[in-house]
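Report on the structure given below.
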DNA sequence: CTATATTGTAACTAATACGATTACAGTTTA
DNA sequence: TAAACTGTAATCGTATTAGTTACAATATAG
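Chains as they are written, first to last, in this note's numbering: chain W, 9 to 145; chain S, 9 to 145.
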């Protein structure tokens, strides 16, 4: 199964930005077309990252903790994705083989650089940019 | 389970570059520390991409089709990875919701740009660069 | 104070992807 | 002709993820 947490999270954050106030998990789930519990799990991650606030109880829901212009796509990505985009093999090394002995070090470096390339791009775009795009349909 | 096909493929290609000639799947599997069939599946993908040649029969194996300096990490990546690094949701749209109606288009664009950022980075590095790194251990 | 609506979270299920493994046909060499 | 390879299909085990049910905790409205 492909990991859709970032898409879902961005969708949710965009809804909250457009709404401009509280939205509950049922309404968000209807927009994303998924289950409210799936939404609440993502909301928990976004809250831990300080991007949203949640209100429990009747008439509760979630809202942005800052203005959309001050929330980068990278912040959303970091809130819900933890793994590197290029996995590094952590297998036992074949000691007789020079290549095997070096690969972990080399691949770690490539993986880090790849992540940084992605992060640099995501850092440049804010939730506000996405909201602007919703306008022009 | 994290996708390790690129790491494995790079490891294999580095072995072939260092060997400078034919290596069989058993030797490659020993260096990567996996199963020969896993290696042969990756070799098949690398061959389809024109990066290696394989020789069947006794004393068979695989070797690079070009010099390491003419093989970019992007070529290896493309040979074994097909999916975008940021998945785009392909769910049914909630027609009443403007955000839902726009998200696929917006997310496709973000996903493509993210891929391009990664590809740009991988394009800059060749297998020769990796081989050089094996030296300094 | 009570009924109701909502979050937070645990537990379980189903689907999917991936690596490992077995098996075997086809091919090449000696 | 025997041995050593590749190529590939089929199957298994496991990890990850989304979906779902369930329910305690909390807040609001009346």
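Using N, Cα and C, we set each Cβ at its ideal position, and we do this for glycine too.
(message) Quick check: what's the CA-CA separation for residue 126 (chain S) versus residue 66 (chain W)?
(response) Each residue's alpha carbon lies about 45 Å from the other.
(request) Pick helix, strand or coil for residue 2 (chain W), following the three-state DSSP scheme. (result) The requested residue 2 (chain W) is not part of the displayed model; chain W covers only 9 to 145.
(request) Using alpha carbons as the reference points, say which of W:108, W:31, W:63 and W:49 lies closest to residue 17 (chain W). (result) Of the listed residues, the one whose Cα sits closest to residue 17 (chain W) is W:49.
(request) Please report the residue range of the beta strand (DSSP E) in which residue 61 (chain W) lies. (result) Segment 60-63, the beta strand (DSSP E) holding residue 61 (chain W).
(request) Quick one: give me the first and last residue of the alpha helix (DSSP H) that residue 45 (chain S) is part of. (result) Element bounds for residue 45 (chain S): 44-56.
(request) Give me the Cα-Cα distance between residue 62 (chain W) and residue 47 (chain W), rounded to the nearest whole angstrom. (result) Their Cα atoms are separated by approximately 12 Å.
(request) With a threshold of 16 other CB atoms inside 10 Å of the CB of residue 12 (chain W), please say whether the residue is buried or exposed. (result) A residue is called buried once 16 or more other Cβ atoms fall within 10 Å of its Cβ, and residue 12 (chain W) is buried on that count.
(message) With H, G and I counted as helix, E and B as strand and the rest as coil, what does DSSP make of residue 9 (chain W)?
(response) In the three-state reduction of the DSSP assignment, residue 9 (chain W) falls in the coil class.
(message) As a quick exercise: from W:27, W:69 and W:106, pick the residue whose alpha carbon is nearest that of residue 45 (chain W).
(response) Closest option to residue 45 (chain W), Cα to Cα, is W:69.
(request) Using DSSP bridges, identify the partner residues of residue 31 (chain W). (result) According to the DSSP secondary-structure assignment, residue 31 (chain W) is paired through a beta bridge with W:70.
(message) Under DSSP, the alpha helix (DSSP H) around residue 93 (chain W) begins and ends at which residues?
(response) Unbroken run through residue 93 (chain W): none, as it is neither H nor E.
(request) Report yes or no: do the region 85-96 of chain W and the region 115-123 of chain W share at least 3 C-beta pairs separated by less than 8 Å? (result) Segments in contact, yes.
(message) Checking 7 Å against the spacing of the C-beta atoms, do residue 87 (chain S) and residue 53 (chain S) come in under that value?
(response) Yes, Cβ-Cβ distance for residue 87 (chain S) and residue 53 (chain S) is below 7 Å.
(message) Using only the alpha-carbon positions, how far apart do residue 76 (chain S) and residue 144 (chain S) sit?
(response) Approximately 17 Å, taken between the alpha carbons.
(message) Please tell me whether residue 43 (chain S) has its Cβ less than 7 Å away from any Cβ of chain W.
(response) Not closer than 7 Å to any Cβ of chain W, the Cβ of residue 43 (chain S) fails to qualify, so no.
(message) Just list the residues that DSSP pairs residue 80 (chain W) with in beta bridges.
(response) W:134, per the DSSP bridge assignment.
(message) For a quick check, are the C-beta atoms of residue 59 (chain S) and residue 130 (chain S) less than 7 Å apart?
(response) Not in contact: residue 59 (chain S) and residue 130 (chain S) (Cβ atoms no closer than 7 Å).
(request) In angstroms with no decimal places, state the Cα-to-Cα distance between residue 140 (chain S) and residue 23 (chain S). (result) In this structure, the alpha-carbon of residue 140 (chain S) lies about 12 Å from that of residue 23 (chain S).
(request) Might you give, ordered along the chain, the residues of its own chain that have their beta carbon closer than 8 Å to the beta carbon of residue 37 (chain W), omitting 5 neighbours on each side? (result) Sequence-distant Cβ neighbours of residue 37 (chain W) in its own chain, meaning closer than 8 Å and more than five residues away, are 43, 44, 46 and 47.
(request) Taking residue 110 (chain S) and residue 96 (chain S) to be in contact with their CB atoms under 8 Å, please state how far apart those CB atoms are, rounded to whole angstroms. (result) So it is not a contact: roughly 13 Å between Cβ atoms.
(message) Give me the chain W residues within the contact set of residue 17 (chain S), using Cβ-Cβ distance strictly less than 9 Å, ordered along the chain.
(response) By Cβ distance, chain W contributes nothing, its closest Cβ being about 11 Å from residue 17 (chain S), past 9 Å.
(request) Mind listing the chain W neighbours of residue 39 (chain S)? Cutoff is C-beta to C-beta under 7 Å, in chain order. (result) In chain order: 102, 105, 107 and 108.
(message) When you compare the CB of residue 75 (chain S) with every CB in chain W, is at least one pair closer than 7 Å?
(response) No, residue 75 (chain S) does not count as interfacial toward chain W.
(message) Measuring only the C-alpha atoms, how far is residue 135 (chain S) from residue 25 (chain S)?
(response) Going by the C-alpha atoms only, they are around 8 Å apart.
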